[in-house]
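**Q**
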Amino acid sequence: MLATHLTSEVVAPRSAGRREWWGLAVLVLPTLLLALDMTVLHLAAPHLSADLQPTSSQLLWILDTYGFMIAGFLITMGTLGDRIGRRKLLLMGAAAFGVASVLAAFSTSANMLILTRALLGISGATLMPSTLSLIRELFEVPSERTFAITVWMTGFLVGSALGPLVGGALLEFFWWGSVFLLGVPVMLLLLVAGPLLLPECKDRKAGRLDITSALLCISTFLSLVYGIKELARDGISLVVCVAVLAGVLIGWVFIRRQRALTEPMFDLRLFANRAFSTSVVAMMLTILALSGTWLMVFQYLQGVLGLSPLWAGVLMVPSAVIQVLLSLLVPRMARRIKPSHLVSGGLLLAVLGFVCMMLVNDMATVWWLVAGTIIMGVGIMPMMILGTDLVIGSAPAEKAGAASATSETATELGMAMGIAVIGSIGAAVYRRQMTDSIPASVPVDQAEIAIDTIGGALGVIARLPAESAADLLLAVQQAFSAALHTNAIIGALIMFLTAVLTARFLRHLPVLSATH
38 MLATHLTSEV
48 VAPRSAGRRE
58 WWGLAVLVLP
68 TLLLALDMTV
78 LHLAAPHLSA
88 DLQPTSSQLL
98 WILDTYGFMI
108 AGFLITMGTL
118 GDRIGRRKLL
128 LMGAAAFGVA
138 SVLAAFSTSA
148 NMLILTRALL
158 GISGATLMPS
168 TLSLIRELFE
178 VPSERTFAIT
188 VWMTGFLVGS
198 ALGPLVGGAL
208 LEFFWWGSVF
218 LLGVPVMLLL
228 LVAGPLLLPE
238 CKDRKAGRLD
248 ITSALLCIST
258 FLSLVYGIKE
268 LARDGISLVV
278 CVAVLAGVLI
288 GWVFIRRQRA
298 LTEPMFDLRL
308 FANRAFSTSV
318 VAMMLTILAL
328 SGTWLMVFQY
338 LQGVLGLSPL
348 WAGVLMVPSA
358 VIQVLLSLLV
368 PRMARRIKPS
378 HLVSGGLLLA
388 VLGFVCMMLV
398 NDMATVWWLV
408 AGTIIMGVGI
418 MPMMILGTDL
428 VIGSAPAEKA
438 GAASATSETA
448 TELGMAMGIA
458 VIGSIGAAVY
468 RRQMTDSIPA
478 SVPVDQAEIA
488 IDTIGGALGV
498 IARLPAESAA
508 DLLLAVQQAF
518 SAALHTNAII
528 GALIMFLTAV
538 LTARFLRHLP
548 VLSATH
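Start counting at 1 in the sequence shown, then tack on 37, and there's your number in the working numbering.
(1) Which residues bound the alpha helix (DSSP H) around L219?
(2) On the DSSP letters alone, give me the boundaries of the alpha helix (DSSP H) that A283 sits inside.
(3) Out of curiosity, what's the CA-to-CA distance linking E449 and A387?
(4) Compare the beta carbon distance of L126 and G118 with 8 angstroms and say whether it is the shorter of the two.
(5) With the cut-off set at 8 angstroms, would you say S309 and T539 are in Cβ contact?
(6) I need the straight-line Cα distance from L152 to F193, nearest angstrom please.
(7) Could you tell me which of L202, Y337, F335 and R124 sits nearest to P232, measuring between CA atoms?
(8) Rounded to the nearest angstrom, how far is the Cβ of R581 from that of L225, given a contact under 8 angstroms?
(9) Specify the secondary structure class of W212 as computed by DSSP and reduced to three states.
(10) State the CB to CB distance for the pair A442 and I112, rounded to an integer number of angstroms; the pair is presumed to be in contact (CB under 8 angstroms).
(11) Which residues in the same chain have their Cβ closer than 6 angstroms to the Cβ of T44, if we skip the five residues on either side of it in sequence?
(12) Rank E209, G463 and W213 by C-alpha distance to the C-alpha of S138 and give the top, closest one.
(13) Could you check what DSSP says for A230 in three-state terms: helix, strand or coil?
(14) Does DSSP put K375 in a helix, in a strand, or in coil?
(15) I need the straight-line Cα distance from T402 to G382, nearest angstrom please.
(16) Exposed or buried, what is G161 when buried is set at 16 or more other beta-carbons lying within 10 Å of its beta-carbon?
(17) Whether or not the stretch 523-531 and the stretch 487-499 are in contact is what I'm after, with contact meaning three or more pairs of Cβ atoms, one per stretch, closer than 8 angstroms; do they touch?
(18) Taking its Cβ as the centre, do 16 or more other Cβ atoms sit within 10 Å of M400, making it buried, or is it exposed?
(19) Starting from S555, trace the alpha helix (DSSP H) in both directions and tell me its first and last residue.
(20) For the alpha helix (DSSP H) containing E300, list its first residue and its last residue.
(21) Check whether the Cβ atoms of G200 and L70 lie closer than 8 angstroms to each other.
(22) So, at 7 angstroms on beta carbons, what are the nonlocal neighbours of I488 in its own chain, with the 5 sequence-adjacent residues on each side left out?
(23) Within the stretch 417-447, note down every full beta strand (DSSP E) run reaching 3 residues or more, in order along the chain.
(24) Hey, V262 and F105: beta-carbon distance below 8 angstroms or not?
(25) What number of angstroms, rounded off, separates the C-alpha of Q339 from the C-alpha of T183?
(26) Classify T523: buried if its beta carbon has 16 or more other beta carbons within 10 angstroms, exposed otherwise.
(27) Throw me the rounded Cβ distance for the L234 and W59 pair, which I believe falls under 8 angstroms.
(28) Taking all protein chains shown into account, do 16 or more other C-beta atoms lie within 10 angstroms of the C-beta of F210, making it buried, or fewer, making it exposed?
(29) What three-state label does DSSP hand M395 in the structure shown?
(30) Look at G329 and V458 and say whether their C-beta atoms are less than 8 angstroms apart.
(31) Taking 8 angstroms as the threshold (C-beta atoms), are V354 and A206 in contact?
(32) Mind checking L336: buried by the 16 CB within 10 Å criterion, or exposed?
(33) Restricting to Cα atoms, I'd like to know which of W189, P91 and G130 is closest to A72.
(34) A133 to M165, Cα distance in whole Å?
(35) Ignoring anything shorter than 4 residues, give me the alpha helix (DSSP H) runs that lie fully in the stretch 444-485, in order along the chain.
(36) Which term fits D101, buried or exposed, when burial requires 16 or more other beta carbons within 10 angstroms of its beta carbon?
Shown next as structure tokens:
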């Protein structure tokens, strides 16, 4: 008893003070901004297309380059932060992000915008792992850290909710470049307040960054994400197979090198911790299930129901608001309920949200879709908050950057795979349904366009006589509803399996109050 008491006095975690909580407010800023950036560009795409006249290939690169760079550089940047200092990396990334935002806003060509989007992605990859690892440093008491991560996650949710509203309002009154300038004042505030409120922390035992490992890591994720996204766009092809195979082979070389190095860039021993590995896999599966369905939700609202981007965003606001309010209860619930029960129970609730999606057929039943997004959002909150907490809390403090980057990379891969795999299945269902139900009054050449994508179908509808257009619109609504229902079923199954996974492999963890 005496030994235990003495040990607890030596290692007792330090409670956060006023400076730490103000530091958290600073760390929420880049998180909110990145969430905004993920949504506003898709709204701006038609406007910048009219101005810059990009080819179809260039437009896809404008939209995708940001995500490619973030996914490719996350682990490298997280590990770099462990070596040079997480605050230093955060401030360097913030400065680069601000400059790249200005360049993107005033781009004069499609190629210039692609390049600046790549710079935004690389600098953005410094922000997320730096903010999470600094939260790990600021908040030593587990319950305080969990609440801090909840606030951090709330910032992301608020940014996601505001994205369509702010973006729609800016595009209503200003030119498309205005959506990029949102980042400039946020990054200036971070550069001023960061040195005053955030501590510098790094792994003092770490050696120099292994450039070979960094290049292998970046190449692995760039190849995998590119291959997965091309699979979603064009189906299986030689390019897809080569990209995915290259990613797997380079990844294998990367893992072999990390095992051989005495000071690896990324410590694979982190995965020996069951809480760490289970949380990483569960978060990836959760995002995978969501992304494949959420992609179709916005297409359904705008393409099938004919809502504007602003009104489609308004329908998603209730989900974000309720998530924000209920997310603040997660730390309190975690002090009474074991993580395995809280996380798996939430994921089972999310399954019910997918079931609601299966009841949507037209504008009259769109409220089932709104209800489904609310229930799914509430259900995944324990997983995303406690999962993130378990990932950075399970890793040693000196490895917090790499651990945080692993968490973010898992969600990026989950999103890419969800859109590619589940999205492709939904597209196949749509094409099959349209092939069977295309009205005979639609000309053959136009029917082929309508069968291929919903965007093509809407273009055909605009060119047809009123009666034929109404018949085709009904067929499109029924086909896309069938695709949405199929994706919802797949998402529900994945979410159920993830609930079983977390119930089984996180059951050894005690309630939060027993950890400090």
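The beta-carbon is built from N, C-alpha and C at its ideal position, and this holds for glycine as well. Predicted, not measured: the structure shown is a model, and the values here were computed from it.
**A** So, to answer that:
(1) Here L219 belongs to no alpha helix (DSSP H), and DSSP marks it neither H nor E.
(2) L275 to A297
(3) Cα to Cα, E449 sits roughly 20 angstroms from A387.
(4) The answer is yes: Cβ separation under 8 angstroms.
(5) Reading off the sequence, residue 309 comes out as Ala, not Ser. Not closer than 8 angstroms, so no.
(6) 26 angstroms
(7) Sorting L202, Y337, F335 and R124 by C-alpha distance to the C-alpha of P232 places R124 at the top.
(8) With the chain covering only 38 through 553, there is no way to say anything about residue 581.
(9) Assignment of W212 by DSSP, reduced to helix, strand and coil, places it in the coil class.
(10) 5 angstroms
(11) Since pLDDT at T44 reaches only 43, below the 50 mark, its modelled position is unreliable, and the value read off the structure follows with that caveat. Closer than 6 angstroms at the Cβ level, and outside the excluded window around T44, lies no residue.
(12) W213
(13) helix
(14) Three-state result, K375: coil.
(15) 27 angstroms
(16) With a threshold of 16 other beta carbon atoms within 10 Å, G161 meets it and is buried.
(17) no
(18) exposed
(19) Lying outside 38 to 553, the shown extent of the chain, residue 555 is not represented and no answer is given.
(20) First-last for E300: undefined, no H or E at that position.
(21) no
(22) R468, M471, T472 and I475
(23) none
(24) yes
(25) So the two alpha carbons sit approximately 37 angstroms from each other.
(26) buried
(27) Contact holds; Cβ gap of about 5 angstroms.
(28) exposed
(29) coil
(30) yes
(31) no
(32) The question names Leu, but residue 336 is Gln in the sequence shown. With 16 or more Cβ atoms within 10 Å of its Cβ, Q336 is classed as buried.
(33) W189
(34) 14 angstroms
(35) 460-474
(36) buried
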